[in-house]
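These protein sequence lines map, in sequence, to chains A and B. The letter at position 79 of the first sequence is residue 180 when you use the working numbering, and the numbering goes up by one with no holes. The letter at position 90 of the second sequence is residue 191 when you use the working numbering, and the numbering goes up by one with no holes.
Protein chains: 2
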Amino acid sequence: MLVIVTYDVSTETSAGRRRLRRIAKACERVGQRVQKSVFECQVDELRLEALERDLLSEIDEAEDSLRIYRLTEPTHLRVKQYGNFRSTDFEGPLVV
Amino acid sequence: MLVIVTYDVSTETSAGRRRLRRIAKACERVGQRVQKSVFECQVDELRLEALERDLLSEIDEAEDSLRIYRLTEPTHLRVKQYGNFRSTDFEGPLVV
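Okay, structure coming up:
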């Protein structure tokens with residue numbers, strides 16, 4: 102299935118920036134970065150569970166926001182994209 | 102239906118920051134902001150068409166990225182949320 106992972110991570114502290122990098126890495130293992138804090142991940146139930154476990158172990162629930170959307174097949178009917186992709190510097194401040 | 106609107110808007114220029122504000126406003130008219138650049142919008146086909154038209158008239162396709170995901174019912178099974186919501190200063194730099 103296709104799941105969309107979106108997150109807001111507070112980057113005011115170095116701990117926050119570290120969480121952001123680790124969350125991005127967990128998503129990159131199973132998905133494609135389509136926006137700065139949006140990933141599209143093709144996963145089965147087992148991988149989704151593992152991904153959620155990884156993400157929940159990283160986020161600070163008081164500071165961050167994480168949302169996971171599950172799309173149903175056929176997903177090409179459910180996704181519309183416009184504009185461009187932009188590369189991201191994980192080390193720098195990520196400005197939306 | 103529930104649609105998820107996500108965007109990356111280049112805010113390096115004042116024109117970009119203006120686009121960001123206008124895109125957020127268009128989304129706010131039909132949806133709820135759940136993250137800095139993620140909206141959940143409950144719309145029918147007609148409103149979705151109007152929203153897309155509004156958003157496409159605002160974005161700069163060379164600079165920005167806009168994605169629209171359409172969730173199927175029952176949407177409460179398709180959305181998982183963790184962490185907190187944070188309020189946003191539209192006038193200031195939006196740091197993810």
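C-beta: ideal position from N, C-alpha, C; glycine also.
- Of A:Y108, A:S158, A:L121 and A:V135, the smallest CA-CA separation from D165 of chain B is found for A:V135.
- Taking a contact to require three or more Cβ pairs closer than 8 Å, the stretch 152-164 of chain A and the stretch 118-134 of chain A qualify as touching.
- With respect to the C-alpha of I105 of chain A, the residue from A:N185, A:V180, A:F186 and A:G184 having the closest C-alpha is A:V180.
- For V131 of chain B, no chain A residue has a Cβ inside 9 Å of its Cβ, as the nearest lies near 16 Å away.
- By the neighbour-count criterion, in which a residue is buried when 16 or more other Cβ atoms sit within 10 angstroms of its Cβ, E146 of chain B is exposed.
- Assignment of beta-bridge partners to F140 of chain A by DSSP yields A:V106 and A:R134.
- Counted as a single uninterrupted DSSP element, the alpha helix (DSSP H) harbouring S158 of chain A occupies residues E146 to E159.
- Per DSSP, reduced to three states, the secondary structure at R122 of chain A is helical.
- By the criterion of at least three beta-carbon pairs nearer than 8 Å, the stretch 111-118 of chain B is not in contact with the stretch 106-122 of chain A.
- In the three-state scheme derived from DSSP, where H, G and I count as helix and E and B as strand, S166 of chain A is classed as strand.
- Here the alpha carbons of R171 of chain B and I160 of chain A stand approximately 26 Å from one another.
- Distances from the alpha-carbon of R168 of chain A to those of A:R122, A:Y183, A:V131 and A:V139 put A:V139 closest.
- The beta carbons of E141 of chain A and Y183 of chain B sit no closer together than 8 Å.
- Taken atom to atom, the span from the alpha-carbon of E150 of chain A to that of A151 of chain B is near 37 Å.
- Here the C-alpha atom of K137 of chain B lies approximately 28 Å from the C-alpha atom of E174 of chain A.
- Non-local beta-carbon contacts of T107 of chain A in its own chain, meaning distances under 7 Å to residues more than five positions away in sequence, involve S138, V139 and R168 in chain order.
- For R118 of chain B and R120 of chain A, the gap between their C-alpha atoms comes out near 26 Å.
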